[in-house]
Structures are given as structure tokens and as C-alpha cells.
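Inspection log for the structure reproduced underneath, given as C-alpha cells.
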Amino acid sequence: MMADPQPQKEIASRIDLAYLRRWHRLRVARFVATVLLLGIAAFWVIGASALRNKKIYANGPVSQGHSFIEERCGSCHTQGFRKVYDASCLQCHAAAVGLPHVPAGKGRDPACGACHAEHRGNTLLSALGDKHCNSCHEDHSDITSLETHIWFRPQPRDQRLRFNHLQHGDIDLVGGPLECDACHVVDGRNFGPIRFEEHCVRCHRETVSADIDIVVPHGFQIGELRDWIAAVYVREWLAKHPGEVEPQATVPGRGGAGPPDWAVQLAEHTRAAQAALFQPRRGCLLCHAAKGEEILPPEIPSRWLPRARFDHQTHRFQSCDRCHDLREATSADILVLPKVETCRACHNRQGARARCVTCHPFHPN
Amino acid sequence: MRIDRGHFRWFLFSTGFLIVASVAYALYARGAAGGPTGGSAMGLAFGIAGTVFMLFAALLGVRRRRPNYRVGRAATWLKGHLWLGALSFPLVFFHAGFEFGGPLARVLMWIFVLVFLTGLFGLALQQILPRFMTQNLPQEVAYEQIDHVRRELLEEVEQLATGTGPRCLGVGRAKSDGSIQGRVVESRTAPAGRGPDRAPLVRFVDKYVKFYFQRRAMRESPLGDPNGRRALFDELKSDVEERLHGDVADLLAYCEQRAQLDAQRRLHHWLHGWLLIHVPLSWTMIFLTAVHAVMSLYY
Chain F
-18 MMADPQPQKE
-8 IASRIDLAYL
2 RRWHRLRVAR
12 FVATVLLLGI
22 AAFWVIGASA
32 LRNKKIYANG
42 PVSQGHSFIE
52 ERCGSCHTQG
62 FRKVYDASCL
72 QCHAAAVGLP
82 HVPAGKGRDP
92 ACGACHAEHR
102 GNTLLSALGD
112 KHCNSCHEDH
122 SDITSLETHI
132 WFRPQPRDQR
142 LRFNHLQHGD
152 IDLVGGPLEC
162 DACHVVDGRN
172 FGPIRFEEHC
182 VRCHRETVSA
192 DIDIVVPHGF
202 QIGELRDWIA
212 AVYVREWLAK
222 HPGEVEPQAT
232 VPGRGGAGPP
242 DWAVQLAEHT
252 RAAQAALFQP
262 RRGCLLCHAA
272 KGEEILPPEI
282 PSRWLPRARF
292 DHQTHRFQSC
302 DRCHDLREAT
312 SADILVLPKV
322 ETCRACHNRQ
332 GARARCVTCH
342 PFHPN
Chain Y
5 MRIDRGHFRW
15 FLFSTGFLIV
25 ASVAYALYAR
35 GAAGGPTGGS
45 AMGLAFGIAG
55 TVFMLFAALL
65 GVRRRRPNYR
75 VGRAATWLKG
85 HLWLGALSFP
95 LVFFHAGFEF
105 GGPLARVLMW
115 IFVLVFLTGL
125 FGLALQQILP
135 RFMTQNLPQE
145 VAYEQIDHVR
155 RELLEEVEQL
165 ATGTGPRCLG
175 VGRAKSDGSI
185 QGRVVESRTA
195 PAGRGPDRAP
205 LVRFVDKYVK
215 FYFQRRAMRE
225 SPLGDPNGRR
235 ALFDELKSDV
245 EERLHGDVAD
255 LLAYCEQRAQ
265 LDAQRRLHHW
275 LHGWLLIHVP
285 LSWTMIFLTA
295 VHAVMSLYY
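As you go down the protein sequences, you meet chains F and Y in turn. For what it's worth, my numbering labels the leading residue of the first sequence as -18, then goes sequentially. For what it's worth, my numbering labels the leading residue of the second sequence as 5, then goes sequentially.
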């Protein structure tokens, strides 16, 4: 057979010119699948809206503490297309937030959500990483964690009190060495204040004199105590020598005959008692500092590291000397605060928490 | 679309963009106290960029339905679809901070993963199958034309068998023109005058070929197997007069063309079947992305 010289028309008849306008099966299937999937998606969204299920839009579950309001978006999201205002948080957390973190005149506290990011799963909102702190405290950029925390820096302060920790724990101490909790009693997170009447008087019981077994009251100034001692002596003398004290007769124009013997004796006893109480390193001045006739009130801070928080209650299972080394504490000026290395022994990546806020709470309350 | 040198500028742009975005994300993630989030300024920027690229990729479908619009070459749109669509994938993950989020966001992310994977699969097929088809299916026709051509071929086969047609078409000689190679379709005129006995040929067509040319009978027919086909045609050749051997050869060529059409259909299903997943998921993703954007900004 010979090739036909004009086969083009017949060959062209093989081509269906309308095929572009017709939807072939794959295209139809694609369209149907698209409509079907879009329908399912729309049904899901509309159905959730009809059922008032807004959880599908959330970026994740709310935190543990907010799980009870997970269904009530409006509790926090008070206005559409607006961020969650702090006022929403403060409705419940005003007491916990308390004082502002940023000092007055240095700006404003960041918004609650800047640190406490919600919808991150079933987590604790308060468990924050150190990044939050370091994002603002750039001056502490060299201290990014406890590992790089180089020192604890208590504010130096004259406590106006003489106290020898080492001596009080000495085995030769009269009555035996004192345990720490003899004076340091945990009250809440920290220790309660040490009071003379509760913690010191048992050993440091100052009486007026050997003869007069009356305890000298605590908390008075020197002048007040002199008067008190004089009054005590007069009262005691009168009680012991009734009738000896008589008014001295005076002759007009000739003057007195001088103090009677009993008065002179009383004055001498009084002065001796006062001198014994106020002599250096004895009596009141054994512990207290004085300036002239004034006993300076002690100034012992309730917290030596005011910018940090330490919970003695949670550390009660540790012995005191694990952190506080008393071996050189011969003076009240020598603080027996633990060093940062001591903390690191337990607070590290493998052990207890060691975040900034573990010791430095953001919210002062 | 094959990835060739024509993609180099797109590759450079996408790689550069990805590097810049990755560095920006690393710095942002490192400095973000609470970790990267979609709601932060950087997170939103990544989300917007990813969505824009995603929308551009989706517009390819619209562009294809409007081939006459002068809005850039179709090839450019397809390259943009490939590269910007791929670029949107990491950007969306940067936006989400590599978290899958809540129910809607999670569904969106999984859909996006599927869209991306099906796209990659399709792209890989595009690198292999078209070349394979060119080499092995010289009589390739447009996919949409297969059924039409099959019917036309059957008509021609019947004409060939009975010898009534003015001419019949067949696969002709190999031809090349420059770098283009292939086989031409030829039209052959039936011999004039009293012809040989065509009854065996007609019986053969009625018994095997017509069934073979039906749409779904390819595998059931003995002609579907190449060895069986040759055996049957050898048998037919011995049954007909020598003058009809040429027609038998043409008939065999028709059957082989039919086999090629079926092979082409199968390969085409591979080549475009992934779009059955890719396209519906893409539009669903666009829809849910819009819902996600509005509701995320609302809350």
C-alpha cells in the first residue's frame, strides 16, 4: 500500500476538538473530592460554631489552673480582635500579683501574657523559664542560670548586737550546746524573730542583784532601768526594814543634819546594782550596743538576701550545718549564709529546680 | 514539569529566602522567652509570608482555567507553584514554632503535610514518567482523547477487516526532525477490485478485536497479553491469503496502538492521580487557613 498524500483530514478526525471543554473522569473526580472535602471542612467549622464549641480554634489546651474555664472563652477573651487584657487576669489573680515588679519610674510591668502564655498545653503557667527574666535583665546577662550565678551578696549592716554562734553551739556551754531550733523556729517560709523573752532569758536571766532576785525587764533604755532599779531598791528596803525609815526633823534656820544612814546605804546598793548591769560586756551590754546612755535597738533583718526568697520549711529535711557553716561564726558580723555552690549541689539540671524565679519571685507578694 | 536549568533562578531565590527565614527564625526562637508562637510579630510575619506563597501556589489552578489571560507564562506560574509552594511549607512551620497546636491548627498542619508530600510525589513522577512515555509510547495522544481515539480506531479496524473503508490509518515509519523523534500515522488506501477472502479476518475481528477495543476489556482479552497477541496474529496470518498479510500487520498495529493507549491511560493515572489528593486537600487547606486566620485574630 502506498501512503496517501492527503491523509490530514482523516487524521484530524481522530481529534475530538471539544475535549478541552469536556470534563474527563479524573477532573470530575477531582472536583467531587474537592467539593466533598470542602463540605466536610465547612460542616466541621459550622457544626462547631452551632454547638458553641470554640475549642477547635484554640492553639492548644489551657493550663492546669484554667481548665475549669476552658469552655468559657469569654472569661479571658472579653473583646474580639483584641488581646487579652491584664484586667481579665486580675479579676482572679489580683491578690497574687500584688505590688508591681518594675520599680516606679522605670517603666511598667509587662503584660501577664508576656510571660504566662496560655494555650500551651496542660502545663503550669507559673513554671517559667529563665529566658523571661533575662529578656529584661540584660545587666545580668552573665547570670543566665544558677550555674552562672557567681555570688550571694547580703547587704552589709551593723546589727547592733553581739552574738557568737560558735560559742552557743559549743559542747562546753553551760547546759549543753544549743541546737539551732532552740532559737530559730520556722514560722511559715522563714524563721520567726528571735525574742529575748522566748529564746534568751532562759540562760541570760539578769536579776537586779544577788540579794534581790527580780528579773530585770527587757526593752528599756539605760535611764529607765536606773530609775526602775532605784524604785525596786526603795521598795525592797521598805519591805525589809519597816519602821527604820523615819522623816528627819529639821530646825528652821539651821539646815539639815545630812542624809540618814539608811538612805546612804540604799543609794550605794542602787549604784552598785546599776553599775553591775551596765558595765561593759556584762549585763545589757553583753549583747547590746550602746551609745552613751542609749541602748541601740538591734537591727537584724528578717531576710539577709532581700531580693531572694528562701523557704526554710521546704528544706527542713536538711540539717542546718549542710548549708550554714558555723565554724568561723565567732561574731554576729560573720554571716553564716550558704554559698551559691551549696545551693548548686541540689539545684541543678538533674536535681531540684534552679530557675531564676525559684529564688527571685517576679511578683513581690 | 521537569526540574531543569530553567529553574535555576527560582532555586536561588527560594534557597536564599529559606536561609534568611531560617536564620531569622533561629534568632527569634532563641530570644523568645516563652518560645516561638504564631501570635508574636515574627510568628505573624512567617504566617503571612507562608500564606501568601500558599495562595500564589493555589492560583495556578485558576490560571490554568484562564489560559488566555496575559498574566505571565504558564510555565512561570508552574515554577512559582513549585518553588513558592515548597517555600511556604517551612514558613508555616516557623509560624507555628514547629507545634501542631489545637484541633483546627492540627488538622491544618496535617493537611499541609499531605499536600506537600503529594506535591513532592507528583513532582518526582513528573521527572520520570513523561520521559518514559515519550520513549515507550510513540503513539501517545492527549489523555482526554483516548476514548475518542479508541472508538475511531475500532471503526477503522472494522473498515480494514471488511475492506470497505476508503482508507485505513496505521503506524508508519519512524521520523525525526531535529531533536524531535517519533512515528508518523499513515493513511493507507484499500486495494481496488475483487479482493481476497476476508472472512477469516472479519471473524477474527468479531471474535477478538472488537472485544479488545472495548473500554475495560483490555486485561480480559487474549490480545491484552503481548505474547498471546502475537500468537493469535500468527495463527490469523496462516488462515488468510498472502495478499492480506499486510492487513493482518495493520490490524496488529492497531491492536498494539490500543495496548499503548491503555498503557498510556495507566501511566496517566499515575502521573495525575496524585492530584486527586493534592488539589482537594489544597483547597480545603486554603479554606481552613482563612478560618484559622480570622479566628486566631479574633481570639
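The beta-carbon is built from N, C-alpha and C at its ideal position, and this holds for glycine as well.
Taking the CA atoms as reference points, R170/F sits about 39 Å from G204/F.
Comparing alpha-carbon positions, the option among L265/Y, Y147/Y, Q139/Y, L88/Y lying closest to Y0/F turns out to be Y147/Y.
In this structure, the alpha-carbon of S18/Y lies about 39 Å from that of Q60/F.
In summary, A98/F is buried, with 16 or more beta-carbon neighbours lying within 10 Å of its beta-carbon over all protein chains present. With fewer than 16 other CB atoms across the displayed protein chains lying within 10 angstroms of its CB, G20/F is exposed.
V196/F is bridged by DSSP to T188/F. The Cβ neighbour count for P284/Y, taken over all protein chains shown within 10 Å, is at least 16; the residue is labelled buried. For F172/F, the secondary structure class from DSSP, reduced to helix, strand or coil, is strand.
A residue is called buried when at least 16 other Cβ atoms come within 10 angstroms of its Cβ; E128/F does not meet this threshold and is exposed. Contact annotation: A271/F and R143/F have beta-carbon atoms that are not nearer than 7 Å. Residue-level contact check: S116/F touches chain Y, since one or more beta carbons of chain Y fall below 7 Å from its beta carbon.
In the DSSP assignment, E275/F falls within the beta strand (DSSP E) that extends over 275 to 277.
Taking 9 Å as the cut-off between beta carbons, the residues of the segment 11 to 23 of chain F near chain Y are R11, F12, V13, A14, T15, V16, L17, L18, L19, I21, A22, A23, in sequence order. If one requires a minimum length of 4 residues, the alpha helix (DSSP H) runs lying completely within the segment 217 to 262 of chain Y are 230 to 243, in chain order. Under DSSP, H269/F shares a beta bridge with L142/F. With its beta carbon at least 7 Å from every one in chain F, E246/Y lies outside the interface. For A333/F, the three-state secondary structure derived from DSSP is strand. Nearest to R325/F by alpha-carbon distance, out of A108/F, G94/F, H130/F, is H130/F.
Under a 10 Å Cβ-count criterion, K83/Y is classified as buried, with 16 or more other Cβ atoms of the shown protein chains found around its own Cβ. With contact defined as three or more Cβ pairs closer than 8 Å, the segment 10 to 27 of chain F and the segment 85 to 100 of chain F are not in contact.
Taking CB atoms only, Q149/Y has a neighbour in chain F less than 7 Å away.
Among the CB atoms of chain F, none fall inside 7 Å of the CB of G51/Y. In the three-state DSSP reduction, H130/F falls in the coil class, being neither helix nor strand.
Interface flag for F98/Y against chain F is unset, since no Cβ pair is found closer than 7 Å. With a cut-off of 8 Å on Cβ pairs, the segment 125 to 145 of chain Y is in contact with the segment 260 to 268 of chain Y, counting three or more such pairs. Membership of Q163/Y in the alpha helix (DSSP H) is indicated by the continuous run 150 to 166.
Contact note: A98/F reaches chain Y through G38, T41, using a C-beta cutoff of 7 Å and chain order. Under the three-state reduction of DSSP output, V321/F falls in the helix class. Residues of the same chain with a CB within less than 6 Å of the CB of M46/Y, apart from the 5 flanking positions on each side, are Y32 in chain order. Counting along the chain, the unbroken alpha helix (DSSP H) around S69/F starts and ends at 67 to 78. Using a Cβ-Cβ cut-off of 7 Å, H58/F is close to Y303 of chain Y, given in chain order.
Within chain Y, not a single residue places a beta-carbon under 7 Å from that of A92/F; the smallest gap is close to 12 Å.
Short of 8 Å from the beta carbon of V182/F, and not among the five residues preceding or following it, lie these beta carbons of its own chain, in chain order: V196, H199.
Annotated three-state conformation of H149/F is helix, per DSSP.
Taking 7 Å as the cut-off, the beta carbon of A62/Y is found closer than this to the beta carbon of S286/Y. Between R233/Y and L240/Y, the CB-CB gap reaches or exceeds 7 Å.
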